[in-house]
Amino acid sequence: MNTGDIDHARRVLRDTGFRVVRQVGNLNAFIVESEHHKISKRSARLESQQAEKILSDPQVELFSREKILSRQKRDFIELPLTAKIVRSVNEKSKTEDPFWGDMWYLNRHWKDSKQFDMNVTGAWNQGYSGKGVSVTFLDDGLEWDHPDILQNYDAKASTDINNHDDDPMPRYDETNENKHGTRCAGEVAAVANNSICSVGIAYNAGIGGIKMLDGDVTDSVEAMSLSFNSQHVSIYSASWGPDDNGEVVDGPGPLARRAFIEGANAGRGGLGSIFVWASGNGGRFEDSCACDGYANSIYTMSISSTSERSQKPWYLEECASTLATTYSSGDERAGEKEIITTDIRHKCTSKHTGTSAAAPIAAGIIALALEANPKLTWRDIMFITVLTSRAKAIVSNNYIQNKRGLLVSSRYGFGLMDAGRMVEVAKNWVNVPKMVTCAVRNSNFQVKTIQKSHIIEAVLTTDACQGSINEVNYIEQVEIIVTVRAQQRGLLEIFLISPMGTKSQILPKRPRDQSADGFKKWSFMSVQTWGEFPKGDWVLNVGSSDGSQVQLEDYELVIHGTKEKPVEYEKFLNNDEMTCHYECTKTELPCGPTADDCQSCAHLTYLNEFQKQKCVSYCPSGHYANFETKKCLKCHSSCSECSGPLKSNCTLCLDGSFLSLETNECVQTCPTGYFSNNKNECEKCDDTCETCEFSPSYCLTCKSLNVQQYSVVYKNNYCVINKKNNECDLGEYFDASSTECKRCDLTCSECKSNTAESCLSCSDSRRPFLNEGQCVTNCENGFYLNSTLQRCFKCSDNCKTCKSDANECIECKIGFKLNDKNLCEKIINANCSDPNCQQCLSKEKNQCQICKNGM
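Here this note's numbering is used: the first residue of the sequence shown is 1197, the next is one more, and so on.
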């Protein structure tokens, strides 16, 4: 309808035998149902007459019966021979996120600089983690109470379309059929550093689930899902589509198409909803995503995948609409690894597969870019993806170079996504001009038929709507809408040649497609002429691989792009060779893809043990930053960390030595009256203790008092003042001011005073542990339990939680991260938001650690 007024819809339906059930999301469309419970032939005719009456209203554009659609998740059934690596989240691990070391697609560049990953850590090191960005998954549900998801769960991005409620929790069964959405979601926003499962690419993003695949899928179900809360949700990720069997040609219905358009035009306050789509898993059936109207839409980012060895996966589908690629599963029998993520029933898995796993990775990377620049439009995101993806990171002879100079492939689009580069470019990106669309037809076209091995060649000459408001001078996407007949549709092949000479295969052959229906006004979309000029002759070649008869009945060219130049393409050409790592000074060449390849450093310079320069944001252990020379200089040999070159500039000592807080020097043993605390510092004992350990009040021996009538006595490792030769009873303490024994708090069996915070030992079995003088059931955050002593001792200062040793951290406080020794070290980010700040914990304001000179 042309109106979203539900009252008007009801007036239109009055006396027709239909009633409104609900509105389709925020679209001007409504689901209606017949008030007749039984449909006979007579009533079916009546229904047809009523439909005509409804369609006669000038505000009604469409009235049709909904069909149940076949939609498939784009992962695979796990083979019985495959060893599942599934772990319960309750299983303990020595590392923060147990699977981090196995997440090869995020961290292998750090292990071997010659290996590509998607440079996600490059985005993290710039201070971005998806904060403030909402990502939702159109899928079979989301186990939102999963311990690795709950912290980031976004209820505003979640709903259950199938059951008409707000809870996207998946339906459980013996086969775990509805695991798909939870697996996809964990790739994006699994919580970081919580000792559970994995870490999400955008680990601070909000994550939601739209449950819509666990029931009948119709056009209205898809439309409601695609338009759900579009002012709140930034990114919609979908890892499903029509059957990937090499036989089907299918796409979104009229309502879903409307939802795509409305989302692009009005979502996110007019910036546009971002739709990320898995390109398909039909490669084993020689299917092509050109016959998938979702992956083939100008409004979706169609994401392909490559394997661990940067090879073509066996399931990959080829088409000219593929925009970019991320890593996913490959040949498992050849030892290639898969994707690690969350799983239902509060578990983890390393068996996520297919383009189902690839699309969420892209969604996570996009979330990082949106945090860097929340004002990016849906087309800005596409441009940045096109210009920063790495074609040469993937081994392939399938690339062509278009006449703008961009490498592009029907398998991999513009290449492997690079999160670090996307974030770097996004920060200073200027919004591209408004999209314009020029539709071109050949008014003199005659139906063309070929026999045998000939090829139909149709030429369409265009000025790209020059002189009109729809003039296009710079191409983004091109659609060719064709009606063609063939004896066997699957043997058709179609090519499109641009005026500048770029030849794209719009449709490869699909041998399993035996249909004789051909294509009727089917839109094939290509991104392969991105950035080219559209004016001139477009050549369409249509043929059949077996030489059978083919008839081209009609075609139309639709060019999407801008009149004005959207971006200086020259800055991005050959980006595989000219990429600057974010630690390099970009104005001084050469600057390569790693921090070892910089001519000049953006922040600090560090010479490693081989005397090779490396650019860093902060100095490694054993070095301090000289901000005048922008160099990392060595500490004194006794220091592990320091603030200067002298032995009295130590801030942390080497293993086996301790920091004297009085002299800032490292000593081999702490003097009498001091103990070595959990930071390897010499900390002073309480005044009553001669010697102590663990904490200032945990005494080993007591001092003597030069007071005749009193003495210091040793009770449960505390030194307390007592009356000489007259100890108080159990449950009492000696009050020196009144020289009397007084009652302890009821929770204490021994104490220093009458408060609940001064216990020396505990009397209540329900609260048996001593935590800073208080009897508790469990140790507080920041403390660990010594079960032998039944006492809680403080974790290292930077630990939020720790294990059985103060220095074995489990979770760090804000501003710190866990290192490989299970210690919390500062997160130092040189990209400070405050221009007066030299060194900061994060890009947020008020996080400055060191001010610039004069501040």
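We put the beta carbon where it would ideally sit given N, CA and C, even for glycine.
Please read all numbers here as calculations on a predicted model, not as lab measurements.
Quiz item: Using the C-alpha atoms, what's the distance from tyrosine 1523 back to glycine 1479?
Solution: Your numbering for residue 1479 matches position 283 in the sequence shown. Your numbering for residue 1523 matches position 327 in the sequence shown. Each residue's Cα considered, the two are about 16 angstroms apart.
Quiz item: When you compare only the Cα positions, how much space is there between glutamate 1672 and glycine 1727?
Solution: Position 476 of the sequence shown holds residue 1672. Position 531 of the sequence shown holds residue 1727. Taking the straight line joining both Cα atoms gives about 6 angstroms.
Quiz item: Given that a residue counts as buried once 16 or more other Cβ atoms are within 10 Å of its Cβ, and exposed if not, what is lysine 1948?
Solution: Position 752 of the sequence shown holds residue 1948. Buried, because 16 or more other Cβ atoms sit within 10 Å of the Cβ of lysine 1948.
Quiz item: Can you tell which of Thr1825, Arg1706 and Glu2021 has its C-alpha closest to the C-alpha of aspartate 1440?
Solution: Here residue 1440 corresponds to residue number 244 of the sequence shown, with the count starting at 1. Nearest of Thr1825, Arg1706 and Glu2021 to aspartate 1440, Cα basis: Arg1706.
Quiz item: DSSP beta-bridge partners for isoleucine 1403?
Solution: The residue labelled residue 1403 in the question sits at position 207 within the sequence shown. In the DSSP assignment, isoleucine 1403 forms a beta bridge with Val1331 and Tyr1349.
Quiz item: According to DSSP, is glycine 1318 helix, strand or coil?
Solution: Against the sequence shown, residue 1318 aligns to sequence position 122. It is helical.
Self-check item: Distance between asparagine 1594 and leucine 1497 (C-alpha atoms, nearest Å)
Solution: Working through the sequence shown from its first residue, we reach residue 1497 at position 301. Working through the sequence shown from its first residue, we reach residue 1594 at position 398. Going by the sequence as given, residue 1497 is methionine instead of leucine. In this model, methionine 1497 and asparagine 1594 are separated by some 20 angstroms (Cα to Cα).
Quiz item: What distance in whole Å lies between the Cβ atoms of aspartate 1659 and lysine 1759, which are believed to be in contact at a cut-off of 8 angstroms?
Solution: Locating residue 1759 in the sequence shown gives position 563, counting from the first residue. Locating residue 1659 in the sequence shown gives position 463, counting from the first residue. Cβ-Cβ separation between lysine 1759 and aspartate 1659: approximately 13 angstroms, too far for a contact (criterion under 8 angstroms).
Practice problem: Under 7 angstroms Cβ to Cβ from isoleucine 1676, same chain only, skipping five residues before and after it: list those, please. | Solution: Your numbering for residue 1676 matches position 480 in the sequence shown. Taken in chain order, the residues that qualify are Leu1692, Ile1702, Phe1720, Leu1736, Tyr1751 and Leu1753.
Quiz item: Do serine 1426 and glycine 1396 come within 8 angstroms of each other at the CB atom, strictly closer than that value?
Solution: Position 200 of the sequence shown holds residue 1396. Position 230 of the sequence shown holds residue 1426. No, these two residues do not count as a Cβ contact at 8 angstroms.
Self-check item: CA-to-CA distance, threonine 1573 to leucine 1275, given in whole angstroms
Solution: Translated into positions along the sequence shown, residue 1275 becomes position 79. Translated into positions along the sequence shown, residue 1573 becomes position 377. Since pLDDT at leucine 1275 reaches only 37, below the 50 mark, its modelled position is unreliable, and no value is offered.
Self-check item: isoleucine 2070, enclosing beta strand (DSSP E) - first and last residue
Solution: Because the chain is modelled from 1197 through 2051, residue 2070 falls outside the range shown and cannot be assessed.
Exercise. Classify valine 1643 as buried or exposed, calling it buried when 16 or more other Cβ atoms lie within 10 Å of its own Cβ.
Key: Translated into the one-based positions of the sequence shown, residue 1643 becomes position 447. That one is exposed.
Exercise. Starting from the N-terminal side, write out each stretch of the beta strand (DSSP E) that is 3 residues or longer and does not extend beyond the region 1430-1462.
Key: Complete beta strand (DSSP E) runs here, min 3: 1431-1434.
Quiz prompt | N- and C-terminal bounds of the beta strand (DSSP E) containing arginine 1939 | solution = By 1-based counting over the sequence shown, the position of residue 1939 is 743. 1936-1939 is the extent of the beta strand (DSSP E) around arginine 1939.
Quiz item: In whole angstroms, what separates the C-alpha of leucine 1926 from that of leucine 1896?
Solution: Against the sequence shown, residue 1926 aligns to sequence position 730. Against the sequence shown, residue 1896 aligns to sequence position 700. Distance between the alpha carbons of leucine 1926 and leucine 1896: 21 angstroms.
Practice problem: Could you tell me how far apart the beta carbons of phenylalanine 1890 and phenylalanine 1989 are, in whole angstroms, since I believe they sit closer than 8 angstroms? | Solution: Mapped onto the sequence shown, residue 1890 falls at position 694. Mapped onto the sequence shown, residue 1989 falls at position 793. That pair is a contact at about 5 angstroms.
Quiz prompt | Residue environment, asparagine 1222, which counts as buried when at least 16 other CB atoms sit within 10 Å | solution = If you number the sequence shown from 1, residue 1222 lands on position 26. Classification for asparagine 1222: buried.
Practice problem: Locate the beta strand (DSSP E) running through methionine 1497, then write down its first and last residues. | Solution: Numbered from 1 along the sequence shown, position 301 holds the residue referred to as residue 1497. Segment 1496-1502, the beta strand (DSSP E) holding methionine 1497.
Quiz item: When DSSP labels each residue in this structure, what does glutamate 1534 get in the three-state scheme?
Solution: Counting from 1 along the sequence shown, the entry for residue 1534 is found at position 338. For glutamate 1534, the three-state secondary structure derived from DSSP is coil.
Practice problem: Give a yes or no on whether 8 angstroms exceeds the smallest Cβ distance from lysine 1875 to chain D. | Solution: No chain D is part of this structure, which consists of one protein chain only.
Quiz item: Do you know whose CA, among Lys1808, Ser1813, Ala1563 and His1756, lies nearest threonine 1781's CA?
Solution: As a first step, residue 1781 must be located in the sequence shown, where it is residue number 585. The shortest C-alpha separation from threonine 1781 is found at Ser1813.
Quiz item: Quick one: Cα of serine 1959 to Cα of glutamate 1946, how far?
Solution: By one-based count along the sequence shown, residue 1959 stands at place 763. By one-based count along the sequence shown, residue 1946 stands at place 750. Taking the straight line joining both Cα atoms gives about 8 angstroms.
Quiz item: If you count every other CB in all the chains shown that lies within 10 Å of the CB of aspartate 1313, and 16 or more means buried, which is it?
Solution: Taking the first residue of the sequence shown as 1, we reach residue 1313 at position 117. Aspartate 1313 sits buried, since 16 or more C-beta atoms from the chains shown fall within 10 Å of its C-beta.
Quiz prompt | Nearest candidate by alpha-carbon position, reference valine 1763, set Thr1951, Asn1669, Thr1847 and Lys1810 | solution = In the sequence shown, residue 1763 corresponds to position 567, counting from 1. Comparing Cα-Cα distances from valine 1763 to each of Thr1951, Asn1669, Thr1847 and Lys1810, the minimum goes to Asn1669.
Quiz item: Could you check where the alpha helix (DSSP H) with glutamate 1383 kicks off and where it finishes?
Solution: One-based indexing of the sequence shown puts residue 1383 at position 187. From DSSP, the alpha helix (DSSP H) with glutamate 1383 extends over 1376-1385.
Exercise. Could you check what DSSP says for aspartate 1140 in three-state terms: helix, strand or coil?
Key: In this structure the chain extends from 1197 to 2051, so residue 1140 is not present and cannot be described.
Self-check item: Cβ-based burial, histidine 1360 [other Cβ within 10 Å; buried from 16]
Solution: Numbered from its first residue, the sequence shown carries residue 1360 at position 164. Of the residues assessed, histidine 1360 falls on the exposed side of the cut-off, its CB having fewer than 16 other CB atoms within 10 angstroms.
Quiz item: If we count the other Cβ atoms within 10 Å of its Cβ and call it buried at 16 or more, is lysine 2056 buried or exposed?
Solution: With the chain represented from 1197 up to 2051, any question about residue 2056 goes unanswered, as that position is not in the structure.
Practice problem: Could you say which of Gly1609, Glu1229, Gly1466 and Phe1979 lies nearest to glutamate 1513 if we only look at CA atoms? | Solution: Taking the first residue of the sequence shown as 1, we reach residue 1513 at position 317. For the options Gly1609, Glu1229, Gly1466 and Phe1979, the alpha carbon positioned closest to that of glutamate 1513 is the one of Gly1609.
Quiz prompt | Identified DSSP bridge partners for aspartate 1356 | solution = Here residue 1356 corresponds to residue number 160 of the sequence shown, with the count starting at 1. Aspartate 1356 pairs with Asp1361 and Lys1407.
Quiz item: Since serine 1856 is in the beta strand (DSSP E), which residue starts that stretch and which ends it?
Solution: By one-based count along the sequence shown, residue 1856 stands at place 660. Segment 1854-1856, the beta strand (DSSP E) holding serine 1856.
Quiz item: If you draw a straight line from the alpha carbon of cysteine 1991 to that of asparagine 1876, how long is it in whole angstroms?
Solution: Walking along the sequence shown from the start, residue 1991 turns up at place 795. Walking along the sequence shown from the start, residue 1876 turns up at place 680. Using only the alpha carbons, I get a separation of about 12 angstroms.
Quiz item: Okay, do the region 1400-1410 and the region 1291-1298 touch, 3+ Cβ pairs below 8 angstroms being the bar?
Solution: With fewer than three CB-CB distances shorter than 8 angstroms, the region 1400-1410 does not count as touching the region 1291-1298.
Quiz item: Of the choices Ser1954, Gly1978, Lys1352 and Met1631, whose alpha-carbon is the least far from that of glycine 1969?
Solution: Reading the sequence shown from its first residue, position 773 is the one you call residue 1969. Of the residues Ser1954, Gly1978, Lys1352 and Met1631, the one whose Cα lies closest to the Cα of glycine 1969 is Ser1954.
Quiz item: Would you say the region 1612-1632 touches the region 1574-1589, given that touching needs at least three Cβ pairs under 8 angstroms?
Solution: At 8 angstroms Cβ cutoff, the stretches touch.
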